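Trainee: The structure under discussion is supplied below as C-alpha cells; questions concerning it will follow.
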Amino acid sequence: MKKLYLILLLFVTLLPCLPGIAQPATRTLRLQEVIALAQEQSATARQAETSRENSYWQWRSFKSDYKPQLSLTGTLPDFSRTIMPVTQPDGTTDFKPVSINNSELGLSLNQVVSPTGGRVFVTSLMQRFDDFDRDQTRYNGNPAIVGIEQPLFAYNELSWAKKIEPLRYQESQKVYLEEREKIAVNATRLYFDLLLAQTNQRIASQNQSSNDTLYQIAQEKYKLGRLSKNDLLQLRLAVLNAELAMAQAALDQQTAALALKTYIGMKETDELELLAPEGIPATTVLAEVALAEARKNRKESINFSRRLLEAEAQMAKAQGDNGLNASLFATFGLTNRGASFTDIYTSPENQQRARIGFSMPILDWGRQRSIYKVAELNKQLVQYTVDQEEANFEQAVLTQVNQYNTLKARIATTAEADAIAQERYEIARNTFLIGRISITDLNIALAEKDQARRAHIASLSEFWTAHYMLRQLTLFDFEQGKIIE
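Note that the sequence shown covers residues -24 to -1, 1 to 461 in mature numbering (1 follows the signal peptide of the UniProt record, and there is no 0).
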C-alpha cells in the first residue's frame, strides 16, 4: 500500500511536466533560411537539378558525335549444318550435306567532317570460311581500307547542329538558374503567407485577451450604473468575435505552415516561428541597368538566337533536300586471300572503288518551290514572334523595376502607419477605461490597429516577392552587384 502511494505521488508530481515533454520543438527561421532550404531540398529544386544534368549529358553526347568513333564488329561464329541443293555439271540437282562456318571481324575508325557534312573512315576486315566436311579453311581480308563518303549539294545537318546545339546547352544552364530564382519567389510567397497567418493569430490572441479584460471591467461599470446595456452587449459581442477570430487564425496558421513545409521539403514536425525581415536592400534599381543585365544574362537572348537559327536551318534543308542531290563514295585499300591468316598480309593487292549517285526532280508540279516557300514563311513568322516576345520581355523587366522601387518606398510608410495605429489604440483603450470615449470609437481604433499591422506585413510580402522576381528576370544580384551564377 505504501509503495502504491509513492507511485501515485510520483505520477502526480510529474503530470504537469508531461505536456511540456510532448510539445514539439519550435524552429525559428528567417526568409533567407527558408529560401536556402527550398533551393536545396525541395522537390522542385531536385527536378531542376535533374533537368540540368540531363542537358549536360545530352551536350556530352552531341560533342562526342564530332570525335573519332572506333568500333569493332563481327560474327563469331555463323555455323551451319544442313543439306543443300547442288547443281551438277549435267544440269541435275543433287542434295548434299554441308557443314560450314563463316566468321568475320572488322575494326573501323570513323570521323565526321562537319564543314562538308561527310565522313572519312579507315577499316580493317577479316573473313574466315571453314568447310568441315572437306577439312578446308580459307581466309579473305582487307588489311586496310581508307574511304570517304560525301553528300553533294545536300543539307549539311552537322554544320547547322554545330551552330544550334551550343546555344541549346547555354540556354539549359540559364533555365536552371532561373528555376532556382523561381523557387525563391515561390518560397517567399509561402513564407509571408505563414508570417501573415502567425501575425493574425497573435492579433486575435491579443484582441481576445484585451476584449475579455474590457468586458470584465465593463460589467463592474454596468453594475454601478456608469455604462449602458448597449455598450456592455457590444463588448460581449467583441469577446465572442475575438474567440471566433482566434479559431480561424489557428486554422489558417496550420494550413499555411503545412503548405510551406511541403514546398521546401521539410519533414520535421517542429513548429515554425518566422521572423519578419528587419531591413531592406538600400540599392535603387535603375531601369536601364536592369534591362541591360536581363538582355545579357537571361535565357531569352539565347533562345531568340537559337530559334532564328533553327528557322534558317529549315530553309537550308528545304532547299538542299528538294533540288539536285548527289553523293560521292570512294575507297582505296588492300585486299588478299589465302589458306592461312598470314597470307592476307603477304603481298596484298590494291583495291579501289568509286561511286557517284545523284537524283534530280524533273517534274514535281511545284512541290519543291512550295516546300521552300513554307520554310521561308515559317522563318518570317519566327522572326515576328521573336520580336514580339522580346518587346514583351523588356516590358516585363521595366514593369518589375518600377514595381520594385515603388514597393520599396511603401515599406517605410506602412511601418510608420503600423506604429501610429498601435499607439493610437493604446491611447483609445486607456481613454475608454476612464469613460471619455464610446465603445464605437474604441472598436474603430482596434480595427485600424489590426489593419495597419496586416498592411505592413503585406507590403513586406509584396516587396520581397518583387525583389526575387526581379532577380529571376535579370539573373543579377543588385545587392551584391554581380551576376547570379
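From the three backbone atoms N, C-alpha and C, an ideal C-beta is built for every residue, glycine too. Only a predicted model underlies this, so the values are computations on that prediction, with no experimental measurement involved.
(1) Taking the C-alpha atoms as reference points, what is the distance between Val89 and Gln126?
(2) Under three-state DSSP, which class holds Met291?
(3) Quick check: what's the CA-CA separation for Leu353 versus Gln295?
(4) Could you pull out every residue in the same chain whose Cβ sits closer than 7 Å to the Cβ of Thr259, ignoring the five residues on either side in sequence?
(5) Assuming Phe168 is part of the alpha helix (DSSP H), what are its boundary residues?
(6) What did DSSP end up calling Lys72 once you bin it into helix, strand or coil?
(7) Tell me whether the beta-carbon of Tyr444 lies closer than 9 Å to the beta-carbon of Val261.
(8) Under 9 Å between the Cβ atoms of Tyr167 and Leu7?
(9) Check whether the Cβ atoms of Gln328 and Phe308 lie closer than 9 Å to each other.
(10) Does the region 100 to 108 come within contact of the region 67 to 83, defined as at least 3 CB pairs closer than 8 Å?
(11) Let me know the secondary structure DSSP gives Ile124 once reduced to three states.
(12) Between Thr49 and Ala315, how many whole angstroms is the CB-CB distance? I'm expecting something under 8 Å.
(13) Does the Cβ of Ile433 have 16 or more other Cβ atoms within 10 Å, making it buried, or fewer, making it exposed?
(14) Looking at Asp246 and Thr2, is the spacing between their C-beta atoms short of 9 Å?
(15) DSSP on Leu101, reduced to helix/strand/coil?
(16) With respect to the alpha helix (DSSP H) encompassing Asn298, which residues constitute its N-terminal and C-terminal limits?
(17) Could you pull out every residue in the same chain whose Cβ sits closer than 6 Å to the Cβ of Leu446, ignoring the five residues on either side in sequence?
(18) Could you check what DSSP says for Leu52 in three-state terms: helix, strand or coil?
(19) Taking its Cβ as the centre, do 16 or more other Cβ atoms sit within 10 Å of Asp363, making it buried, or is it exposed?
(20) Do we get a CB-CB distance below 9 Å when we pair Leu418 with the residues of chain B?
(21) Given that a residue counts as buried once 16 or more other Cβ atoms are within 10 Å of its Cβ, and exposed if not, what is Pro253?
(22) What span of residues does the beta strand (DSSP E) with Thr238 cover, start to end?
(23) Quick check on this structure: which residue in Ile320, Ser277, Gln344, Asp319 has the alpha carbon closest to the alpha carbon of Asn368?
(24) Measure from the alpha carbon of Tyr348 to the alpha carbon of each residue in Thr389, Thr311, Thr361, Gln290, then state which is nearest.
(25) The alpha helix (DSSP H) spanning Thr416 covers which residue range?
(26) Taking only three categories from DSSP, how would you classify Ala306?
Mentor: Once the coordinates are examined:
(1) To locate residue 89, count along the sequence shown from 1; it is residue 113. To locate residue 126, count along the sequence shown from 1; it is residue 150. Taking the straight line joining both Cα atoms gives about 9 Å.
(2) The residue you call residue 291 lines up with position 315 of the sequence shown. Helix, per DSSP.
(3) Numbered from its first residue, the sequence shown carries residue 353 at position 377. Numbered from its first residue, the sequence shown carries residue 295 at position 319. For Leu353 and Gln295, the distance between alpha carbons rounds to 14 Å.
(4) To locate residue 259, count along the sequence shown from 1; it is residue 283. Same-chain partners within the cutoff: Phe454, Glu455.
(5) Along the sequence shown, one-based indexing puts residue 168 at 192. Where Phe168 is concerned, the enclosing alpha helix (DSSP H) stretches over 133 to 199.
(6) The residue you call residue 72 lines up with position 96 of the sequence shown. Strand, per DSSP.
(7) If you number the sequence shown from 1, residue 444 lands on position 468. If you number the sequence shown from 1, residue 261 lands on position 285. The answer is no: Cβ separation not under 9 Å.
(8) As a working mapping, residue 167 is identified with position 191 in the sequence shown. As a working mapping, residue 7 is identified with position 31 in the sequence shown. It is a contact, given that the beta carbons lie within the stated cut-off.
(9) Within the sequence shown, residue 328 is the residue found at index 352, counting from 1. Within the sequence shown, residue 308 is the residue found at index 332, counting from 1. Result yes, Cβ atoms of Gln328 and Phe308 sit closer than 9 Å.
(10) yes
(11) Locating residue 124 in the sequence shown gives position 148, counting from the first residue. In the structure shown, Ile124 sits in a strand (DSSP, three-state: E or B).
(12) Reading the sequence shown from its first residue, position 73 is the one you call residue 49. Reading the sequence shown from its first residue, position 339 is the one you call residue 315. That pair is no contact at about 25 Å.
(13) Looking up residue 433 in the sequence shown gives position 457. Ile433 should be labelled buried.
(14) Position 26 of the sequence shown, counted from the start, is the residue given in the question as residue 2. Position 270 of the sequence shown, counted from the start, is the residue given in the question as residue 246. A contact, by the Cβ cut-off of 9 Å.
(15) The count along the sequence shown starts at 1 and reaches residue 101 at position 125. Reduced to three states, the DSSP call for Leu101 is strand.
(16) Along the sequence shown, read from residue 1 onward, the residue named residue 298 stands at position 322. Taken as a continuous stretch (DSSP letters only), Asn298 belongs to no alpha helix (DSSP H), as it is neither H nor E.
(17) As a working mapping, residue 446 is identified with position 470 in the sequence shown. So the qualifying residues of the chain are Gln376, Tyr380.
(18) Against the sequence shown, residue 52 aligns to sequence position 76. Here Leu52 sits in coil by DSSP.
(19) Position 387 of the sequence shown, counted from the first residue, corresponds to residue 363. Exposed.
(20) No chain B appears in this structure, which consists of one protein chain only.
(21) Taking the sequence shown and counting its residues from 1, one reaches residue 253 at position 277. Buried, by the Cβ-count rule.
(22) The residue you call residue 238 lines up with position 262 of the sequence shown. From DSSP, Thr238 is part of no beta strand (DSSP E) but of the alpha helix (DSSP H) over 205 to 240.
(23) By one-based count along the sequence shown, residue 368 stands at place 392. Ranking Ile320, Ser277, Gln344, Asp319 by Cα distance to Asn368 puts Ser277 first.
(24) As a first step, residue 348 must be located in the sequence shown, where it is residue number 372. When each option's Cα is compared against that of Tyr348, the closest is Gln290.
(25) On the sequence shown, position 440 is the one that residue 416 refers to. Its alpha helix (DSSP H) spans residues 415 to 450.
(26) For the purposes of this step, residue 306 is identified with residue 330 of the sequence shown, where counting begins at 1. Strand at Ala306.
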